[in-house]
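Report on the structure given below.
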Amino acid sequence: MNFLEKCDDETMITREERAEILKKAGACPSDIEELLAYNTNYFRHQQPVLEYLRFPLEDELFVTDWKHYIHEAEQQGAFNMLQKKLVELQFPVQPGISMTSDYTARVRKGLPPPLDTPSPRLKSPEKLNVLLCQSLAGKIPFLITEDRADFETLIQSLAMKNEPVSIPLSLNAFMVSGYNNWDRFHKAEHQAQQNWNGQGPVFNAIAAEKSLYQDSLVICTFGSYSNVPSREMGFTDDEWQVASFVIRQEHECAHYILKRLFGITRNNILDELIADFMGICAYAGKYKADWFLRFMGVDQFPVYRENGRLSNYRGDLSDSAFAILQGLIVSASHNLQSFYDQVQPLFSSWYDLHIRFFICLTYLTLEEMSAMDGVKRMILAMAELENSLPEKAMKTKVL
40 MNFLEKCDDE TMITREERAE ILKKAGACPS DIEELLAYNT NYFRHQQPVL EYLRFPLEDE
100 LFVTDWKHYI HEAEQQGAFN MLQKKLVELQ FPVQPGISMT SDYTARVRKG LPPPLDTPSP
160 RLKSPEKLNV LLCQSLAGKI PFLITEDRAD FETLIQSLAM KNEPVSIPLS LNAFMVSGYN
220 NWDRFHKAEH QAQQNWNGQG PVFNAIAAEK SLYQDSLVIC TFGSYSNVPS REMGFTDDEW
280 QVASFVIRQE HECAHYILKR LFGITRNNIL DELIADFMGI CAYAGKYKAD WFLRFMGVDQ
340 FPVYRENGRL SNYRGDLSDS AFAILQGLIV SASHNLQSFY DQVQPLFSSW YDLHIRFFIC
400 LTYLTLEEMS AMDGVKRMIL AMAELENSLP EKAMKTKVL
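The opening residue of the sequence shown carries number 40 in our numbering; numbering runs sequentially from there.
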């Protein structure tokens, strides 16, 4: 079977094999059922993902509008511009606001709040910047603030329906996917009305074309990556600030690539492993298992650091299943480093190597990567990937 044509139900490992790996890891029957569901690989490879031969992908339609936004921000300030364009930033962040009929009715049509509504404010609006970052999936807007409180306000406004949801300190970047940009919607609606042929409501016609108004963007702040202090990483404070930003930017861009290639974004450890792999490699030039495990809070496994980032991706896992998951990612991360160290010398291009790793990891489950023969499984997956490349593409012998 062609490696690039397999779907989720045709992975390289059966459900029974996954269950056996979990059993050997100490999981009881109920844990196994929980983890089989949690670790499901939802990346659908129904068409060749090796479109990366044409990377970076073409920009999505929203990039043109954000170029104009950035120009306006230079003239009037980033937050002033964003408040005019993004309707949620015109409403206050307050408990229960998303349940009110007035908020719901207005936001669902991109309408501003009543004139007497208190407008949300940032503590340090002058420390907010908007820029476009180039990723392998095309450019994506980054809203970057130096103020932690403002970072949380932006997330609560644009991703949490203006509710004061608690944001963990280990989270310093957040990708908003499928954001309904009503400024873009109304522009498209106005243009459509000028060319309207009378075939159905214009609003419904625009709503059906999500690329005309749905954006992806990243809200980002500075600070230590995963809230890990510089001293624990062996860096000075300034060095770790720079490293943290590079890792964070590449991490979020990796999520954007997953969104464009597979149409999904998840709060799942597999996605985080892939994204951290890209971030760590971008800064360090290679994968470092100890970095990833420290970021997740399992560097002293079986002791778990309660403020570790892994808690952000726990979902509904029971305590016992969560403990098994910790062991899985420890084994998977060490296997991934061994795999990387063995395969890396075979590639002359850093870019080509890391794109292949990125795609290869989307075909695997956490059970496969954590298995006793996990390194062998990864090597076989990479070999299949190489064999599937078009003849014109450069191939590297990995077996």
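Ideal Cβ positions, reconstructed from N, Cα and C, are used throughout, including at glycine.
The structure presented is a predicted model; accordingly, all values stated were derived computationally and were not measured.
Report all residues from its chain with a CB closer than 6 Å to the CB of residue i; omit the five preceding and five following residues, and keep chain order.
{"i": "ALA244", "result": "none"}
{"i": "ASP276", "result": "SER269"}
{"i": "SER250", "result": "LEU100"}
{"i": "MET214", "result": "VAL257, GLU291, HIS294"}
{"i": "GLY262", "result": "ASN211"}
{"i": "VAL414", "result": "ASN374, SER377, PHE378"}
Would you report the Cα separation of residue i and residue j, rounded to the nearest angstrom?
{"i": "LEU367", "j": "PRO207", "result": "23 Å"}
{"i": "HIS393", "j": "PHE118", "result": "36 Å"}
{"i": "MET317", "j": "ASP104", "result": "28 Å"}
{"i": "GLU289", "j": "ALA176", "result": "12 Å"}
{"i": "MET335", "j": "ILE308", "result": "10 Å"}
{"i": "VAL132", "j": "GLU248", "result": "30 Å"}
{"i": "THR192", "j": "VAL169", "result": "16 Å"}
{"i": "ALA112", "j": "MET120", "result": "5 Å"}
{"i": "MET417", "j": "PHE274", "result": "32 Å"}
{"i": "SER255", "j": "TYR108", "result": "14 Å"}
{"i": "PRO268", "j": "SER216", "result": "29 Å"}
{"i": "LYS63", "j": "LEU403", "result": "19 Å"}
{"i": "ARG439", "j": "LEU356", "result": "There is simply no residue 439 to check, as the chain begins at 40 and stops at 438 in what is shown."}
{"i": "SER174", "j": "ILE303", "result": "17 Å"}
{"i": "GLU73", "j": "GLU407", "result": "17 Å"}
{"i": "GLY135", "j": "ALA188", "result": "20 Å"}
{"i": "TRP389", "j": "TYR326", "result": "12 Å"}
{"i": "ARG223", "j": "GLY149", "result": "10 Å"}
{"i": "CYS259", "j": "PHE181", "result": "7 Å"}
{"i": "MET287", "j": "PRO240", "result": "In the sequence on display, residue 287 carries Arg and not Met. Taking the straight line joining both Cα atoms gives about 43 Å."}
{"i": "LEU75", "j": "ALA66", "result": "11 Å"}
{"i": "GLU202", "j": "PRO157", "result": "15 Å"}
{"i": "PRO159", "j": "ARG93", "result": "42 Å"}
{"i": "THR139", "j": "LYS124", "result": "22 Å"}
{"i": "GLY354", "j": "GLN233", "result": "47 Å"}
{"i": "ASP98", "j": "LYS178", "result": "6 Å"}
{"i": "ALA282", "j": "GLN230", "result": "44 Å"}
{"i": "PHE82", "j": "GLU55", "result": "20 Å"}
{"i": "LYS61", "j": "HIS225", "result": "It is Leu, not Lys, that sits at residue 61 in the sequence shown. In a straight line, the C-alpha of LEU61 is about 51 Å away from that of HIS225."}
{"i": "ALA410", "j": "ASN374", "result": "8 Å"}
{"i": "TYR164", "j": "ILE194", "result": "Note on residue identity: the sequence assigns Pro, not Tyr, to residue 164. Each residue's alpha carbon lies about 15 Å from the other."}
{"i": "ILE363", "j": "ALA420", "result": "25 Å"}
{"i": "GLU425", "j": "LYS298", "result": "23 Å"}
If you measure between the beta carbons of residue i and residue j, is that distance less than 8 Å?
{"i": "LEU128", "j": "SER196", "result": "yes"}
{"i": "GLN365", "j": "TYR343", "result": "yes"}
{"i": "VAL382", "j": "TYR322", "result": "no"}
{"i": "ASN220", "j": "TYR252", "result": "yes"}
{"i": "PHE301", "j": "ILE319", "result": "no"}
{"i": "CYS172", "j": "CYS292", "result": "yes"}
{"i": "ASP186", "j": "LEU210", "result": "no"}
{"i": "ALA371", "j": "ASP70", "result": "no"}
{"i": "ARG333", "j": "GLU271", "result": "yes"}
{"i": "ILE313", "j": "PHE386", "result": "no"}
Please classify residue i: does DSSP put it in a helix, a strand, or coil?
{"i": "CYS67", "result": "coil"}
{"i": "TYR91", "result": "Note that TYR91 scores 49 on pLDDT, short of 50, meaning its location in the model is unreliable; the coordinates nonetheless yield the value given after this. Helix, per DSSP."}
{"i": "LYS325", "result": "coil"}
{"i": "LEU405", "result": "helix"}
{"i": "ASP254", "result": "strand"}
{"i": "GLN280", "result": "helix"}
{"i": "SER263", "result": "coil"}
{"i": "GLU425", "result": "helix"}
{"i": "MET40", "result": "Confidence at MET40 is low in this model, with a pLDDT of 30, below 50, so the placement of that residue is unreliable and no value is reported for it."}
{"i": "VAL337", "result": "coil"}
{"i": "GLN133", "result": "coil"}
{"i": "VAL285", "result": "helix"}
{"i": "SER216", "result": "strand"}
{"i": "VAL414", "result": "helix"}
{"i": "VAL28", "result": "Not covered by the structure: residue 28. The range shown for the chain is 40 to 438."}
{"i": "VAL204", "result": "coil"}
Got a sec? Which residues, its chain only, sit under 8 Å from residue i by beta carbon, not counting five neighbours each side?
{"i": "VAL337", "result": "TYR343, ARG344, GLY347, LEU349, GLN365, ILE368, VAL369"}
{"i": "PRO151", "result": "VAL126, GLN129, ARG145"}
{"i": "PHE190", "result": "THR184, ILE206, ASN211, ILE258, CYS259, THR260"}
Would you say the beta carbon of residue i is closer than 7 Å to some non-hydrogen atom of the ligand ATP?
{"i": "ALA244", "result": "What this structure holds is no ligand at all, so the ligand ATP is not there to describe."}
Could you pull out every residue in the same chain whose Cβ sits closer than 7 Å to the Cβ of residue i, ignoring the five residues on either side in sequence?
{"i": "PHE242", "result": "GLU228"}
{"i": "GLN114", "result": "none"}
{"i": "THR53", "result": "none"}
{"i": "VAL204", "result": "GLN195"}
Please specify which runs of the alpha helix (DSSP H), each continuous and at least 4 residues long, are wholly inside the stretch 134-202, giving them in chain order.
For the stretch 134-202, whole alpha helix (DSSP H) runs of length 4 or above, ordered along the chain, are 140-146, 187-198.
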